[in-house]
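In the order they appear, the protein sequences are chains P and Z. FYI, the numbering used here numbers position 106 of the first sequence as 96, with every residue one higher than the one before it. Throughout, the numbering used here is defined as the position within the second sequence, counted from one, plus 7. Note that the Cβ used here is the ideal one computed from N, Cα and C, for glycine as well. From a predicted model like this one, the values you see are computed outputs, not experimental measurements. Beneath this line is the structure, given in structure tokens, with notes to follow.
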Amino acid sequence: MSTQATPAPPAPAPPAEICCKVTGLTKAYRSGRGAKARTVLANGDISLEIRRGEVFGLLGPNGAGKSTLVRQLTGLLRPDQGRIEVLGHDIVRHPDRAARLLAYLGQESTALDELTVSLAVETTARLRGLPHPAARSERDAVLAELALEPLAERPLAKLSGGQRRLACFATTLVGERPLLVLDEPTTGMDPVARRAVWAAVERRRADRGTTVLLVTHNVIEAETVLNRVAVVDEGRVIACDTPGGLKALVDGDVRLDLVWREEPPTHLPLVAALAPRAAVHGRRWTVRTSPDEARDLVAQVTGGPAFAALDDFSLATPSLEDVYLLLGGRHEGLVK
Amino acid sequence: MSTAALLAPRAALFPSLGAVYRAQLSRARVARIPLLFVATFQSLGIMVMMRGVVTTGSADAVAAQDVVAGSTVLVVAFVALNLLAQYFGRLRATGGLDHYATLPVPAASVVLGTAAAYASFTVPGTVLTAAAGCALFQLSWVHLWVLALVVPLSGAALSGLGAACGLLANRQEIATLLGQLGMSAALLLGVLPPSHMPTVIRWVRDLLPSTYGVEALARTFAKHPDWAAVAVDLAVCAAVGVASLAVATWAYRRAATRA
């Protein structure tokens, strides 16, 4: 007797659990005084969903509205319109609940600057509701995890920018929260400190399913650590997908960077023809084109008289910066 | 979205007040010592200057008492009013309040813990000033224990005022200005004997919370202090302290969640 196994149809993937849901979020503020006052739209009708356990990024240049969005999510700022739900709680109606659901790393450390690293972390743990012994043991564990023990007794104000940032990051890890909101956490950090940050984040994701909302204007960081990213420009989300999904939008194109020694030799017909197509940043020209044409251009530039004026050149696959530009983002502001 | 997640517990008032107090107190080691020195030095300097005008002995006894008491409470005004206004002003202007505002702590614990720390910063300076003043003007040391009441109660009144000024000011410079003005008023109206002042100025002096700390301390230099009057003065300090700290707590909530 034989039985024939009938392959069961693949079960539909369970819908990802939502950690944070933002709907129609709008925030405007007045800038200037008297007759010169004008209304600036910091966030315009933003909607997005962050899934539990993912590292979700907000990518955009300075002034794009990322921090305003985050301040609303953390209950620090009340939106003019829209709805914010964090882990099932309405944060617009109950902003005080945000502190009991998430840990926030802002851009400023003035509240902690004159404390030692050890006391800053311990005090934050106490203020997150931990009893004394638990606060101390969490402090010790986090300082060890981030290799901050040698700096433990030094005041934050006397540390380098990157070390201070790492100490502030340590304060977000004590008193466990299911959501970490990190506003440019690795600014000024050396590669060792950056690795410590991302290792600590990854550990919490793997062990506890912690969700991370990361604000950044660093393209490389966004491509490396994010599961999904919302590209923000002038207060609006202009795209939201995985970094790979977004880069697929510009698939096929490559980026050719030419760095001139001094002034570009625009008297040469090849260089003169490239000039209108190039995005110019000082001595660097960036041209986006097809791989075939890029290869051809490299051959012509490196094989002809223009090569003498060339300091460096590179050919790269598309980055999130290219996506950002394709989607109509402003040119400056992202860090490569 | 699935059912709402459990909220982490809030931090209770007294443990978080204690944590803020301890953290703030530790700042004295890092940043406040030069200014605490200035506060004491200023009061000692004023007493030395006044010693050139006010003689010791019975002729100028009341004036000497006012000078020493005024200079002593001036240390409290310098630190608890002026420096605290500047501290909260800076914290508000630079976004430093966000750190506390995104922690589940009662607003009162941040304000009271910080105010208590600033009042504590004044203890060495007030004791030194009062002791030096007693030596300089030959006043009795017997009732200096009253500093144990004058410092915390006038500290509460002035630090509440300082915190409220710092948190209500919409620009850091305004907070600094208010703190400086408050301290200057305590200096100009607190150190000199009120009997020499015009009536209108005395009314203004009566409006200053520091005046009641000065008067309470000054009365205790007498051979037979009027303890009832001392108690009334201290009660005024306490009442102003409660009111100003309540205003400061409200101002903190407003500043921390400004929309």
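So who's on the other strand from residue i, going by DSSP bridges?
i: N33/P; result: K17/P
i: Q71/P; result: T16/P
i: H271/P; result: R274/P
i: N177/Z; result: Note: N177/Z sits in no beta bridge, so no partner.
i: F303/P; result: L248/P
i: L92/P; result: L169/P
i: R226/P; result: D223/P
i: C10/P; result: I40/P and V76/P
i: D231/P; result: V219/P
i: T292/P; result: T292/P pairs with nothing; no bridge assigned.
i: T201/P; result: L169/P
Please report how far the alpha carbon of residue i lies from the alpha carbon of residue j, in whole angstroms.
i: L185/Z; j: A192/Z; result: 10 angstroms
i: A(-2)/P; j: L149/P; result: A caution first: A(-2)/P carries a pLDDT of 48, below 50, which makes its placement in the model too unreliable to give a value.
i: I228/P; j: L315/P; result: 11 angstroms
i: C230/P; j: F297/P; result: 40 angstroms
i: T279/P; j: A306/P; result: 11 angstroms
i: A70/Z; j: A164/Z; result: 24 angstroms
i: V111/P; j: R129/P; result: 6 angstroms
i: L31/P; j: G132/Z; result: 51 angstroms
i: L91/Z; j: D243/P; result: 58 angstroms
i: A35/Z; j: L135/Z; result: 17 angstroms
i: V187/P; j: L260/P; result: 46 angstroms
i: D213/Z; j: N89/Z; result: 19 angstroms
i: T(-7)/P; j: E213/P; result: Note on T(-7)/P: pLDDT 42, under 50, position unreliable in the model; no value is reported.
i: E283/P; j: R218/P; result: 31 angstroms
i: V191/P; j: V202/P; result: 8 angstroms
i: T256/Z; j: G167/Z; result: 9 angstroms
i: G120/Z; j: V75/Z; result: 29 angstroms
i: V207/Z; j: E222/Z; result: 18 angstroms
i: V83/Z; j: R118/P; result: 32 angstroms
Here's the rule I'm using: 16 or more other beta-carbon atoms within 10 Å means buried, otherwise exposed. How should residue i be labelled?
i: M179/P; result: buried
i: V313/P; result: buried
i: N33/P; result: buried
i: K26/P; result: exposed
i: R154/P; result: buried
i: G272/P; result: exposed
i: G189/Z; result: buried
i: H207/P; result: buried
i: A235/Z; result: exposed
i: D103/P; result: buried
i: E44/P; result: buried
i: Q145/Z; result: exposed
Just the chain P side, please: which residues come within less than 7 angstroms of residue i by C-beta, in chain order?
i: S23/Z; result: R116 and L117
i: L98/Z; result: T100 and A101
i: A26/Z; result: T113, R116 and L117
i: L14/Z; result: R87, R90 and L91
For residue i, go through chain P and note every residue whose CB falls closer than 9 angstroms to its CB, in chain order.
i: T10/Z; result: G78
i: V45/Z; result: Result: empty, since nearest Cβ-Cβ is about 17 angstroms, beyond 9 angstroms.
DSSP state of residue i, grouped into three classes?
i: V221/P; result: strand
i: Q62/P; result: helix
i: P131/Z; result: helix
i: F228/Z; result: coil
i: R41/P; result: strand
i: G47/P; result: strand
i: D340/P; result: As shown, chain P starts at -9 and ends at 326. That puts residue 340/P outside it, with no answer to give.
i: N52/P; result: coil
i: H106/Z; result: helix
i: A18/Z; result: coil
i: T206/P; result: strand
i: V76/P; result: strand
i: T214/P; result: helix
i: R23/P; result: coil
i: T10/Z; result: coil
i: D312/P; result: helix
i: P145/P; result: strand
i: R118/P; result: coil
i: R271/Z; result: With chain Z covering 8 to 266 only, the question about residue 271/Z has no answer from this structure.
i: R193/P; result: helix
Going along chain P in order, which residues have a C-beta closer than 8 angstroms to the C-beta of residue i?
i: L110/Z; result: A89, T114, L117 and R118
i: G102/Z; result: G96, Q97, E98 and T100
Along chain Z, in chain order, which residues have C-beta atoms closer than 8 angstroms to that of residue i?
i: Y94/P; result: D105 and T109
i: L66/P; result: D105, A108, T109, A263 and T264
i: R167/P; result: A15
Any chance the CB of residue i is under 7 angstroms from a heavy atom of the ligand SAH?
i: T13/P; result: The model on display carries no ligand, and the ligand SAH is accordingly not part of it.
Name the chain Z residues that come within less than 9 angstroms of residue i, Cβ to Cβ?
i: L109/P; result: R29, A30 and S33
For residue i, return the contacting residues in chain Z, with the cut-off set at a CB-CB distance below 7 angstroms.
i: P145/P; result: V37
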